[in-house]
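Colleague: For the record, the sequence lines run as chains X and C.
Counting from 1, one number per residue, gives the positions in the first sequence under full-length UniProt numbering.
Counting from 1, one number per residue, gives the positions in the second sequence under full-length UniProt numbering.
Where is the CB? At the ideal position from N, CA and C, for every residue including glycine.
I'd like to ask you about the structure that follows.
Protein chains: 2
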Amino acid sequence: MKKKDTAPQENVVTTKPFPNSKKIYVQGKIHPQVNVAMREIFLSETVDSFTGKRTPNQPVIVYDTSGPYTDPSKKIDVHNGIDRICEQWILDRNDVEELDNFTSKYCNERLNDESLDHLRFNHIRKPKRAKKGKNVSQMYYAKQGIITPEMEYVAIRENQKIQEAKRLSKQHPGQDFGANIPDVITPEFVRDEIARGRAVIPSNINHPESEPMILGRNFLVKINANIGNSATTSSIEEEVEKAVWACRWGADNIMDLSTGKNIHETREWIIRNSPVPVGTVPIYQALEKVNGKAEDLTWEIFKDTLIEQAEQGVDYFTIHAGVRLAYVPMTAKRITGIVSRGGSIMAKWCLAHHKESFLYTHFEEICEIMKAYDVAFSLGDGLRPGCIADANDEAQFAELETLGELTKIAWKHDVQTFIEGPGHVPMHMIKANMDKQLEACGEAPFYTLGPLTTDIAPGYDHITSGIGAAMIGWYGTAMLCYVTPKEHLGLPNKEDVRTGVITYKLAAHAADLAKGHPGAQHRDDALSKARFEFRWEDQFNLSLDPELAREYHDETLPAEGAKIAHFCSMCGPKFCSMKISQEVRDYAAKKEIDDQKALEEGMQEKAQEFKEKGSEVYL
Amino acid sequence: MKKKDTAPQENVVTTKPFPNSKKIYVQGKIHPQVNVAMREIFLSETVDSFTGKRTPNQPVIVYDTSGPYTDPSKKIDVHNGIDRICEQWILDRNDVEELDNFTSKYCNERLNDESLDHLRFNHIRKPKRAKKGKNVSQMYYAKQGIITPEMEYVAIRENQKIQEAKRLSKQHPGQDFGANIPDVITPEFVRDEIARGRAVIPSNINHPESEPMILGRNFLVKINANIGNSATTSSIEEEVEKAVWACRWGADNIMDLSTGKNIHETREWIIRNSPVPVGTVPIYQALEKVNGKAEDLTWEIFKDTLIEQAEQGVDYFTIHAGVRLAYVPMTAKRITGIVSRGGSIMAKWCLAHHKESFLYTHFEEICEIMKAYDVAFSLGDGLRPGCIADANDEAQFAELETLGELTKIAWKHDVQTFIEGPGHVPMHMIKANMDKQLEACGEAPFYTLGPLTTDIAPGYDHITSGIGAAMIGWYGTAMLCYVTPKEHLGLPNKEDVRTGVITYKLAAHAADLAKGHPGAQHRDDALSKARFEFRWEDQFNLSLDPELAREYHDETLPAEGAKIAHFCSMCGPKFCSMKISQEVRDYAAKKEIDDQKALEEGMQEKAQEFKEKGSEVYL
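This is the structure:
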């Protein structure tokens, strides 16, 4: 099954723009070199079915994670990688130096291995690192009161120009469970949230291709898509396209979880072509280096791996430093034991050596590495529950307490930090996870996998988990790690990635609506207005997956004429409630009196009549 | 596109049993003639990876909606219809009479129309009706203190023999928001809940093929699948197979929403072959009879339609009697107006005649018809919101108050009643729907469509709505009306029906888990144990959709050997956390000491060591 690895073909990635959409760039005010990409969706006119009057509909601007791939003016060549939009900002701060050589021993071995030349990324750049004594993390700058271009970028991005939009309804006030979401996200608010530890911009100085993106409870809920090969399947080419593809459909982050061949080289290709932050679980590669024997892992091998990956540009590391020796026995009676790969590796190491995990004992040294590149911690939940029965147990919450302790140490070093969460949790036990995380981890952003709300639907776990994800996003989780239909069954292919991303995008959006994120409802309103007015093309174009929406519509009514038809195949022309609703409105208009007034008069007249008759139900 | 209608072929329906499953029948104690169908799933042995010891796993019994179609001992012929399991119970009560002719004028016209002979169901039976002065509703019997066979049937069915199962974990206590779910469902509890109006067994005396099923907040959450043709698509044959197919995957009820040709004949085929209750929206057919002109509808035409359908065996009618004239203007400022087809038809009628709806003014007459056949009310939410912006508005809640008022009238007539709910509602506004419904409608069962938690994902509305459905199910909704991926875009095909049903089945199950329904967790536990032990076949067989789970697994690891492999294509052999977890357990076993004890000792030793060193993080 496994193809022999080669460099990807130039045209392997999807670059088609979205229908009726234009990429726009919004310039920064504090930092005029900042140009924030967004997508503007153009809509057709509303035609009044009674008077024939045509009214234009304002374009809708949406958050855009797709990077340069959907901008026809950009030349895409995966062999060169994409534009390095943050590079000059990083250099301008004058805190980094370019190294002559890579620091990691392993990295140098791979670079010198000629047998890998045929699959290597062509333009490997020299790594950057903080100058001696410097800290280059966004948290460090934030605490110094500095608003970086990255911070202004995310502020503009979060607002989506909603202040300039003509709103179609009064948005419902949300229920935000004590979050603090302002009407307008200012660069200063961003800075303050990062300084406070409540938000993170994953932004390794060696990944300047990444368009800044913020994670935090007071910002839009983000999603992560896992990609990466395994020992049994996939190629570099497929993984690069999966990365671009995931961003196309809405992934705010990707994690490269490769555990197969050529992990180092695969990652270089992915990072150079990724417009979103890239996370990894370094212990996977470290384990590969010791041929899969967990007990042979050492701090030195792990450290070299961290540096190797930091100098390639990984934006955040999942580190399972909370899996302490004492917690391992707590999992023995579980139905599914330890289900985190990283967690189980570390548990095995701890038991084999009968020692505290080196991730825990070397935590401050890890912080020193992280801050030299601005790699963020994603503190891994190695003891998360793997089934409903194991949810919210002693092991899980013991680890969470430790993650809270480690968060404080990371913050002491100004290392940006977020916290991973479960897993499999029944609906009524989800909120406790959020509440405990907020308390234990000082409001550091929470990043959860699902949670899956039942175990009985393999093949549909994007849905079992999408339910939990939407709920925990509402409760305050900053980022939702997607689950694809292949979860528990196999490695996702491209279509699974798309399904997983869209499912999580809609869950995140449902959470934004419930939290009352300013402007979240605008796209819903615009789409619903298009739906009511039978502007089918606009309905497709405003949706998260315009291609699929169109495809489904056309399955039963493929004719072009049906795109302007005032009905669809569900009900046919006579039974369309939307059509009848419009007729109800037209009916009033026809009588040449104001629609609303006519109806109200009718109501009053009728109400009077009923009152006179003693409000009896039957006449 | 539309095929010419004919009678379905004999072998058109899917009859394959589920893998490794056997249909079992549990006999009643009060009524020995009751035999409740369930499905028993057989599991393979657990093989201890260290000792090689083999331990059998008890079969798991699951709720089964698939009817005789999955019982190889039953001969299936759609031209005859399925067994009439309730017929004798109905006759035994001696309250019904068989009529010589159908009462409905329209029905007789159709029967006498020779041009329909080629597509007519072959064995149309004479209709039954309550004897003069008799009421044959389950609610009537319940109030008399009578435990009917139908009541005992559902009691046995709800318990799923869970009391006899060897439980694999201590189930999490649920959060049931004031419901009253007993550990064991007794026939007397069922009777009491029905008498109280808190539960409904839809069971038209003319649909004795239906296996009794109960709707209520204190029972398992049920799901409904909508099928039916439209003017632009589908045939009788397709609709009959869709009905059987929907039941196969887990539909507890189906609604025939046909609005196309030959509605009467299509319905006969569906009911005669449906093992689950069938609901309709009679106004659809009534509208067809007046050529789609809402203003031409009359009480007489509607009444004839009710009787026509009641004598065919429709188990519940959606009746939009809450759409009052005075409420129509409240929808004028909505983004999507009135989206219920029935609601918009009635609104149009009310405005055209400037009169209160005939459904409302003739409500007691409708009750008289319902109780003569035990047709249940599904009081329609004609003013439900069709988009996020319109959620929980004045029109919606005004109608709900009226539905509460009508519920009390229906109960006065001992007519079983449940209440329909929204629609499109953001997550944080869902619970208010449940709370208001419980209060306004005296705890009559709630039956909601989704709700959809965002408008922006057409093509994925089974998921946007599955989120809301799981949540409102948890809050207390008795039945969830499915939404398929084609919602808003087209008529669902067979695969869409399957996807919709499984999505709603998992949402309903997630709700059962969260409510703490006794026994709900057993299947999750069994599946998770199988997963942990790499019993792939058992994992597939225990899942809601065994075929799809297997198909997804095989996509990347098709070899039969992979079904017993201790890894999958996601992680490959070295990175499998479940494998490592098992190794952690084995590791302790190898030392010839008790696994748990070893670990605990290790923990204590380590804990002691840490305490002595002052609980410092770093050694």
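If you drop the 5 nearest sequence neighbours on each side, which residues of the same chain put their C-beta closer than 6 angstroms to that of C/F540?
Modeller: Within the same chain, C/F540 has close Cβ partners P546, A549 and R550.
Colleague: Starting from C/R39, follow the beta strand (DSSP E) in both directions and report where the run begins and ends.
Modeller: Start and end: N35 to I41.
Colleague: Using a cut-off of 7 angstroms between C-beta atoms, extract the partners of X/W349 located in chain C.
Modeller: None at all; the shortest Cβ gap to chain C is about 10 angstroms.
Colleague: Can you pull out the residues from the region 447–462 of chain C whose beta carbon lies closer than 7 angstroms to at least one beta carbon of chain X?
Modeller: Answer set for the region 447–462 of chain C: T453, T454, D455, I456, A457, P458, G459 and Y460.
Colleague: Using 10 angstroms around the beta-carbon of C/K408, count the other beta-carbons present and answer buried if the total reaches 16, otherwise exposed.
Modeller: That one is exposed.
Colleague: Could you compute how far the alpha carbon of C/I146 sits from the alpha carbon of C/A376?
Modeller: The alpha-carbon atoms of C/I146 and C/A376 are separated by roughly 19 angstroms.
Colleague: Run through the DSSP bridge pairs and tell me what X/L452 is partnered with.
Modeller: Looking at the DSSP assignment, X/L452 forms a beta bridge with X/H424.
Colleague: Can you tell me whether C/I30 is buried or exposed, with buried defined as 16 or more other CB within 10 angstroms of its CB?
Modeller: The residue is exposed, with fewer than 16 neighbouring Cβ atoms inside 10 Å.
Colleague: Sorted by chain position, which residues of the same chain lie with C-beta nearer than 7 angstroms to X/V240's C-beta, five sequence neighbours on each side aside?
Modeller: Closer than 7 angstroms at Cβ, skipping near neighbours: P8, V12, V13, V78, W269, I270 and N273.
Colleague: Keeping to the same chain, check which residues put their C-beta closer than 7 angstroms to that of C/Q312; ignore five residues upstream and five downstream.
Modeller: Result list for C/Q312: N206, R267, E268 and I271, in chain order.
Colleague: Would you mind giving the Cβ-Cβ distance between X/L506 and C/T464, rounded to the nearest angstrom? I have them listed as a contact below 8 angstroms.
Modeller: Confirmed, about 5 angstroms.
Colleague: Have a look at X/E40 and C/A395 and give me their C-alpha separation to the nearest angstrom.
Modeller: Using only the alpha carbons, I get a separation of about 34 angstroms.
Colleague: Would you mind reading off the limits of the beta strand (DSSP E) that contains X/L480?
Modeller: Start and end: M479 to C481.
Colleague: Rank C/A478, C/C441, C/V339 and C/K371 by C-alpha distance to the C-alpha of C/G423 and give the top, closest one.
Modeller: For C/G423, the nearest C-alpha among the options comes from C/V339.
Colleague: Need the endpoints of the beta strand (DSSP E) that C/G279 sits in, please.
Modeller: Run containing C/G279: V278 to T280, per the beta strand (DSSP E) assignment.
Colleague: Between C/M429, C/R157, C/K134 and C/S210, which lies nearest to C/D83 when the distance is taken from Cα to Cα?
Modeller: Answer by Cα proximity: C/S210.
Colleague: I need the boundaries of the beta strand (DSSP E) containing C/D256, first residue and last residue.
Modeller: Start and end: N253 to D256.
Colleague: Go through its chain and collect everything with a Cβ distance to X/Y141's Cβ below 7 angstroms, but skip five positions before and after it.
Modeller: Cβ neighbours of X/Y141 beyond the five flanking positions: T148.
Colleague: Are C/P282 and C/L306 touching if we call contact CB-CB under 7 angstroms?
Modeller: Yes, the pair counts as a contact, with Cβ atoms nearer than the cut-off.
Colleague: Fully enclosed by the UniProt domain "ThiC-associated" (17–97) of chain C, which beta strand (DSSP E) runs are 3 residues long or longer?
Modeller: Entirely contained in the UniProt domain "ThiC-associated" (17–97) of chain C, the beta strand (DSSP E) runs reaching 3 residues are, in chain order, 21–27, 35–41 and 60–62.
Colleague: With a cut-off of 7 angstroms, does the C-beta of X/P426 fall near any C-beta of chain C?
Modeller: Closer than 7 angstroms: yes.
Colleague: Given that a residue counts as buried once 16 or more other Cβ atoms are within 10 Å of its Cβ, and exposed if not, what is C/V184?
Modeller: That one is exposed.
Colleague: For the region 412–436 of chain X, which residues have a CB atom closer than 7 angstroms to at least one CB atom of chain C, in sequence order?
Modeller: Going along the region 412–436 of chain X in chain order, one finds P426, M427, H428 and M429 with a Cβ nearer than 7 angstroms to chain C.
Colleague: CA-CA distance, X/E45 and X/N20?
Modeller: Going from the Cα of X/E45 to the Cα of X/N20 covers about 14 angstroms.
Colleague: Under 7 angstroms between C-beta atoms, does C/C367 make it to chain X?
Modeller: No, C/C367 does not count as interfacial toward chain X.
Colleague: For X/K53, would you say it is in contact with chain C, using Cβ-to-Cβ distances shorter than 7 angstroms as the test?
Modeller: Not an interface residue.
Colleague: In angstroms with no decimal places, state the Cα-to-Cα distance between C/R120 and C/L544.
Modeller: Using only the alpha carbons, I get a separation of about 35 angstroms.
Colleague: Can you check whether the CB of X/R196 is closer than 7 angstroms to the CB of X/G216?
Modeller: Not in contact: X/G216 and X/R196 (Cβ atoms no closer than 7 angstroms).
Colleague: Identify the residues that DSSP records as bridge partners of C/S378: which are they?
Modeller: Note: C/S378 sits in a beta bridge opposite C/T318 and C/F418.
Colleague: In chain X, what lies closer than 8 angstroms to C/T103 by C-beta?
Modeller: Chain X residues near C/T103: none, gap ~24 angstroms exceeds 8 angstroms.
Colleague: Excluding the 5 residues preceding and the 5 following C/P458 in the sequence, name in chain order all residues of the same chain whose CB lies nearer than 6 angstroms to its CB.
Modeller: For C/P458, where only same-chain residues beyond five positions count, the Cβ hits under 6 angstroms are H488 and L489.
Colleague: Just checking, does the region 290–304 of chain X make contact with the region 171–183 of chain X on the three C-beta pairs under 8 angstroms criterion?
Modeller: Taking 8 angstroms as the limit for Cβ pairs, the verdict is that the region 171–183 of chain X does not touch the region 290–304 of chain X.
Colleague: In three-state DSSP terms, what is C/A130?
Modeller: Three-state DSSP puts C/A130 in a strand.
Colleague: What would DSSP say about residue 695 of chain X, mapped onto helix, strand or coil?
Modeller: This structure leaves residue 695 of chain X out entirely; chain X is present only between 1 and 619.
Colleague: Among the residues of its own chain, which have a CB less than 6 angstroms from the CB of C/T318, if the five just before and after it don't count?
Modeller: Result list for C/T318: V281, S378 and G380, in chain order.
Colleague: Return the residues of the region 481–494 of chain C that lie within a Cβ-Cβ distance of less than 7 angstroms from chain X, sorted by chain order.
Modeller: Of all residues in the region 481–494 of chain C, P485, K486, H488, L489, G490 and L491 have a Cβ within less than 7 angstroms of some Cβ in chain X.
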